[in-house]
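> Just so we're aligned, residue 2 is where the sequence shown starts under my numbering, counting upward by one. My questions will all concern the structure given below.
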Amino acid sequence: MSAEGGRKAIIAALAANLGIAVAKFVGYALTGSSSMLAEGVHSVADTSNQALLLRGQAAAKRAADQQHPFGYGRSRYFYAFIVALVIFVLGAMFAILEGVEKIHEPHELENPWIGVVILGVAVLLEGYSFTTAWGESRKSMGGQSLFQFIRHTRNPELPVVLLEDAGALVGLMLALGGVGMSLITGDPVWDGIATLCIGVLLAAIALVLIVEMGSLLIGEGATPEQQRQILLALQEGPEVERVIHCRTLYLGPEELLVAAKVAVSGASDLATVSKAVDAAEARLRERLPEIDLIYIEPDVDRGARPQNA
Numbered sequence: 002m003s004a005e006g007g008r009k010a011i012i013a014a015l016a017a018n019l020g021i022a023v024a025k026f027v028g029y030a031l032t033g034s035s036s037m038l039a040e041g042v043h044s045v046a047d048t049s050n051q052a053l054l055l056r057g058q059a060a061a062k063r064a065a066d067q068q069h070p071f072g073y074g075r076s077r078y079f080y081a082f083i084v085a086l087v088i089f090v091l092g093a094m095f096a097i098l099e100g101v102e103k104i105h106e107p108h109e110l111e112n113p114w115i116g117v118v119i120l121g122v123a124v125l126l127e128g129y130s131f132t133t134a135w136g137e138s139r140k141s142m143g144g145q146s147l148f149q150f151i152r153h154t155r156n157p158e159l160p161v162v163l164l165e166d167a168g169a170l171v172g173l174m175l176a177l178g179g180v181g182m183s184l185i186t187g188d189p190v191w192d193g194i195a196t197l198c199i200g201v202l203l204a205a206i207a208l209v210l211i212v213e214m215g216s217l218l219i220g221e222g223a224t225p226e227q228q229r230q231i232l233l234a235l236q237e238g239p240e241v242e243r244v245i246h247c248r249t250l251y252l253g254p255e256e257l258l259v260a261a262k263v264a265v266s267g268a269s270d271l272a273t274v275s276k277a278v279d280a281a282e283a284r285l286r287e288r289l290p291e292i293d294l295i296y297i298e299p300d301v302d303r304g305a306r307p308q309n310a
């Protein structure tokens, strides 16, 4: 998935969350609902997160320089990791603390029906944001499930927006349930329980994102299928006897580095070896356009060694 697809999902989420945040805080002011307040803070965090993701995309476009010779592509991973931390600290922890407080000291809701209407509008806006992110993600899922996509994609923005929006939709349902149960039973403790559940939900989402974005930030290589295609492309030419070893690394979501040592015939002259390397590079770029940098080291075959030696 290109950065443009991720950007479209981010902008849709930012616009939706900004409007939702205002509506939720108005609802909190009118009803005093703690779950509404928790959802308002959640939407503020989400809005800030979209801005951070856009900042990451902008930073990644900087040209490579002497200090960062491989460019700034990983800026997108860094800012996505910060987003995961914001969800955990600002969203989850606030909701959990607010929920615990309201369970111990519940208070009656004011104008609860106003809160129900506002939450209903928020569900529609959040649904629009989620539908946009889901549509962009489907283009690159390739038959994968949502879990597989989040686990294997090298694009940081779409998993973040998808999980944020999914969490927001479930959180809104919890808030509606809390306000509704408080209205039906006359017991405001349900609002505090819903708030606590929202906090636990956000904590779970944040932890998943922290693990996945942390892995990308540290550095992930090609997927197993990409690795298979790379080895096939290297070995297709008659000039390459075998791949001695191959290393890959994503420098950014659309920037894959491939470094390989290949065995060539000991009888080959320099010109033949040079042509062999050029041909192998051409085959790699044809199979995997996302490959940005290629380093191929030719070597004389001295016997069988593992490809990852």
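Every residue, glycine too, gets a C-beta built ideally from N, C-alpha and C.
#1: Run through DSSP, which three-state label would SER138 get?
#2: Where does TYR73 fall in DSSP's three states?
#3: Quick check: what's the CA-CA separation for ILE206 versus PHE82?
#4: Can you name, in chain order, every residue of its own chain whose Cβ lies under 7 angstroms from the Cβ of ASP166, other than the five neighbours on each side?
#5: What is the DSSP secondary structure of HIS43, counted as helix, strand or coil?
#6: LEU235 and VAL244 - do their beta-carbons sit closer together than 8 angstroms?
#7: Scan the stretch 163-195 and note each continuous alpha helix (DSSP H) run of 4 residues or more that stays entirely inside, going in chain order.
#8: Can you give me the Cβ contacts of ALA46 inside the same chain, cut-off strictly under 8 angstroms, excluding the 5 residues immediately before and after it?
#9: What residue ranges within the stretch 188-269 form continuous alpha helix (DSSP H) runs of no fewer than 4 residues, ordered along the chain?
#10: Rounded to whole angstroms, what is the Cα-Cα separation between ALA280 and ILE297?
#11: So, does the CB of SER216 fall closer than 8 angstroms to a CB anywhere in chain D?
#12: Taking only three categories from DSSP, how would you classify ASP293?
#13: Beta-carbon separation of ALA261 and ILE119 under 8 angstroms?
The short version:
#1: helix
#2: coil
#3: 13 angstroms
#4: ALA14, GLU127, SER130, PHE131 and ALA134
#5: helix
#6: yes
#7: none
#8: VAL87, ILE88, LEU91 and GLY92
#9: 190-219 and 225-236
#10: 11 angstroms
#11: Any reference to chain D falls outside this structure, which holds one protein chain only.
#12: strand
#13: no
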